[in-house]
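Report on one structure; see the data block that follows.
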Amino acid sequence: MMTKKFLQTVCATAALTMSLTAAATAATDMAKLDERIEAAHAVLHELMATPDKGIPDDIAAKATCVAVVPGFKKGAFLVGAQYGQGVVTCRTGHGWSAPAFIQLTGASFGLQAGGQSTDLVLVGTTHDAFDRLLHDKVKLGGDIGVAAGPVGRNSQASTTDAANAGFLTYSRSKGLFAGVDLTGDVVHQNTEDTTAYYGSDVPYEKILGGDVPAKASSEHFIRTVNQMFHASGAH
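Quick note on numbering: our numbering labels position 215 of the sequence shown as 215, and the sequence is numbered without any gaps.
Here's what the structure looks like:
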């Protein structure tokens with residue numbers, strides 16, 4: 001009898017420990033996702049402070065989607081890997097959608113030796129940009145056109161490549177904001193983090209289409225996107 005009770009106690013204790021560990025892990029994961037959204041918000045907030053050196057007004061006005069990848073890691077050698085995690089939101093008929101999580105991967109050529117970290121902003125400017133983000137992955141420059149974006153409030157996408165691109169891409173490193181060519185890089189849906197954040201496997205179409213309410217931890221990010229990309233419209 002004592003052995004049976006002892007085993008029951010051990011099993012109950014083990015179950016409780018596992019439950020508490022799982023809860024703590026989930027809380028830690030959620031904190032990391034909240035931090036990623038906050039980092040993306042910080043990138044845009046700092047860009048708002050220098051509008052004359054930021055994204056041109058005409059591009060902001062027609063933006064369909066905005067992705068921010070804070071702390072994008074560049075390879076440590078002249079030819080190396082690139083990897084980053086970020087968030088994306090798309091314009092809806094009533095503002096901007098709740099964020100979904102993405103990953104950006106690719107090969108970086110011609111970088112200076114020594115690992116670098118930079119912030120990236122990808123601005124979708126066409127209906128196709130929204131549609132492509134509903135796929136598991138989209139190759140920039142392959143599945144959709146991409147070009148380095150112009151900088152400055154009154155600048156325009158004057159080159160043919162920029163004018164026809166589905167995405168205009170930017171980098172910010174050491175306080176300098178500039179257009180950057182991300183041809184060949186791939187945007188992946190980060191379904192694992194998106195599911196963890198919303199607590200269920202919500203399709204990207206519902207999130208980016210505006211059918212999922214923004215959580216409190218992402219409201220400031222969405223508010224800043226609304227301020228920067230303020231023109232009304234829908235994808």
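Quick reminder that beta carbons are idealized off the backbone N, C-alpha and C, glycines included.
All values reported here derive from a predicted model rather than from experimental measurement.
For residue i, name the three-state secondary structure that DSSP assigns.
| i | result |
| --- | --- |
| ARG172 | strand |
| HIS94 | coil |
| PRO51 | helix |
| LYS137 | strand |
| ALA63 | coil |
| ASP119 | strand |
| VAL252 | With the chain represented from 1 up to 235, any question about residue 252 goes unanswered, as that position is not in the structure. |
| THR89 | strand |
| VAL43 | helix |
Throw me the rounded Cβ distance for the residue i and residue j pair, which I believe falls under 8 Å.
| i | j | result |
| --- | --- | --- |
| VAL87 | VAL225 | Going by Cβ atoms, the distance from VAL87 to VAL225 rounds to 10 Å, so no, they are not a contact pair. |
| TYR170 | VAL186 | About 18 Å; that fails the 8 Å criterion. |
| ALA98 | PRO203 | About 12 Å; that fails the 8 Å criterion. |
| ILE37 | SER200 | Not confirmed; about 18 Å, so no contact. |
Which residue from the options puts its Cα closest to that of residue i?
| i | options | result |
| --- | --- | --- |
| HIS188 | LYS62, ASP143 and ASP57 | ASP143 |
| ASP119 | ALA178, GLN227, ILE222 and ASP34 | ALA178 |
| VAL138 | SER217, ALA61, THR195 and ASN190 | ASN190 |
| GLY141 | ARG223, THR183 and ALA214 | THR183 |
| LEU176 | THR126, PRO213 and VAL121 | VAL121 |
For residue i, which residues does DSSP report across the bridge?
| i | result |
| --- | --- |
| LEU104 | GLY84 and VAL187 |
| ALA148 | THR169 |
| PHE72 | THR118 |
| GLY124 | CYS65 and PHE167 |
Is the stretch 52-68 touching the stretch 144-152 in the sense that three or more CB pairs, one from each, lie closer than 8 Å?
-> Put simply, the stretch 144-152 touches the stretch 52-68. At least three CB pairs are less than 8 Å apart.
Assess, as a yes-or-no matter, whether the stretch 192-209 is touched by the stretch 161-173 under the definition of 3 or more beta carbon pairs within less than 8 Å.
-> By the C-beta criterion, the stretch 161-173 is judged not to be in contact with the stretch 192-209, since fewer than 3 inter-stretch pairs fall below 8 Å.
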